[in-house]
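The structure appears below as structure tokens.
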Amino acid sequence: MTYTQHPPHHQALPALLSAMTVALMLQLLSVEPSRPYLGWLISAIIITPITAWITWRRSTTNALGYLICACSITLALSLIAQPYPEASLIMLLMVIPTFAHQPYLIVLWVLPSLLVYSITIELNIWLPVWAIGATLLWYQSGLWQRFAKLKQIEQHRLKRQLQRHNNYDAITGLRNKQYFEKRLRQSVSEAKRSKTPLSLIVLDIDYFRAYNEHYGNEYGNSCLEQVARLIKSDSQRQSDLIARLNGGNYVLLLPGTDKHGANRLAMQILDHLARTKLENQGSPISRYVTLTQGISQWQPGVNAEQLLHRAQLAMFQAKHSETGRTTVA
79 MTYTQHPPHH QALPALLSAM TVALMLQLLS VEPSRPYLGW LISAIIITPI
129 TAWITWRRST TNALGYLICA CSITLALSLI AQPYPEASLI MLLMVIPTFA
179 HQPYLIVLWV LPSLLVYSIT IELNIWLPVW AIGATLLWYQ SGLWQRFAKL
229 KQIEQHRLKR QLQRHNNYDA ITGLRNKQYF EKRLRQSVSE AKRSKTPLSL
279 IVLDIDYFRA YNEHYGNEYG NSCLEQVARL IKSDSQRQSD LIARLNGGNY
329 VLLLPGTDKH GANRLAMQIL DHLARTKLEN QGSPISRYVT LTQGISQWQP
379 GVNAEQLLHR AQLAMFQAKH SETGRTTVA
């Protein structure tokens, strides 16, 4: 797993500025520096986020994360700490190997740190050993890497959720039309290559609009979910794909299945639905929810769109003759 190219500046820089603002407030409350020193202090606060921004623009690693953590901790603690100048400077120089793979980062790290260091000398509040120590501990111990990895995992999870949102129907949890059309084209190509059967079943809830008008959209969505679960329970092969196209319209993609096998599955679904007895007072033909189905089998020379069209045409023919039945193209 790789880290993101750049940490998000819209989160990093405000956090850095916030830390520095707090440090400045603490400094003003505790030391009350004279006007010249206050100018230098403000300069340090300005130059550090600028340096961080330059790093963000050029860096292709998580070095910005190191810089932000180091500068924030160093600046905040140096403004309120006790004197340990020599040891602090030694530990400051120990930071350099961390950025050895990108030498310009050494300059970007040392400049603001030395500026802060010199200002604390002028203000007689020395840079403490534990300020640099805390900074070193943060990233030398791998804590930042772990934090970055957790952020990457979270981003990966959000990406999967977005992909799921793009590929799944929001109401039923089935695959959506966009995903089905892509898989249908792939399945037709595979059927051509392997010369194996491929069938489609298009299923449509009879008088679903009347159902919605009678019971309302909330119950309509519940009906869609129940029918989806019923279809899934009857089609349990890993290779089969169930999708909702629109309204009360579903489709079953059956690789390796001929039209006779598809017809048997369609009959099984109708029988299961009849036994379930989902009430539909809006239907003029039955007290319960019924399905009309159309089946088509791929033949050489037939593309994905034609295969779907044939199944839909068979379904419409079944509706015109008698709803609640199945027609094979």
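Position in the sequence shown counted from 1, then plus 78, gives you the working numbering.
Where is the CB? At the ideal position from N, CA and C, for every residue including glycine.
N-terminal and C-terminal residue of the alpha helix (DSSP H) that residue i is part of
i	result
asparagine 381	Where asparagine 381 is concerned, there is no enclosing alpha helix (DSSP H), given that its DSSP letter is neither H nor E.
arginine 353	337-354
tyrosine 289	286-293
serine 265	255-272
Through-space distance from residue j to residue i, alpha-carbon basis
i	j	result
asparagine 358	serine 317	32 Å
histidine 398	serine 267	32 Å
glycine 334	isoleucine 249	29 Å
glycine 294	alanine 389	29 Å
alanine 288	tyrosine 297	12 Å
isoleucine 363	arginine 322	24 Å
valine 305	threonine 354	10 Å
asparagine 244	glycine 379	31 Å
alanine 344	glutamine 230	45 Å
arginine 263	tyrosine 285	30 Å
threonine 368	alanine 352	7 Å
alanine 340	phenylalanine 394	17 Å
alanine 392	arginine 342	16 Å
isoleucine 320	valine 329	6 Å
glutamine 233	alanine 396	48 Å
Among the options, the one whose alpha carbon lies nearest that of residue i
i	options	result
glycine 332	Tyr297, Ser374, Val305	It should be pointed out that residue 332 corresponds to leucine in this sequence rather than to glycine. Closest by alpha carbon: Ser374.
aspartate 312	Asn254, Leu252, Asp284, Ile347	Ile347
arginine 365	His292, Tyr257, Gln230, Glu232	His292
serine 265	Gln256, Asn254, Ser277	Ser277
isoleucine 279	Asp336, Asp349, Leu252, Arg307	Asp336
lysine 310	Gly251, Gln371, Ala382, Gly360	Gly251
asparagine 299	Glu232, Phe258, Asn324	Asn324
Burial state of residue i (16 or more Cβ within 10 Å)
i	result
aspartate 282	buried
asparagine 290	buried
glycine 326	buried
leucine 236	exposed
arginine 238	exposed
Delimiting residues of the beta strand (DSSP E) encompassing residue i
i	result
tyrosine 328	327-333
threonine 363	For the record, residue 363 in the displayed sequence is isoleucine; it is not threonine. Note, isoleucine 363: premise wrong, no beta strand (DSSP E); not H, not E.
glutamine 375	369-375
serine 277	276-283
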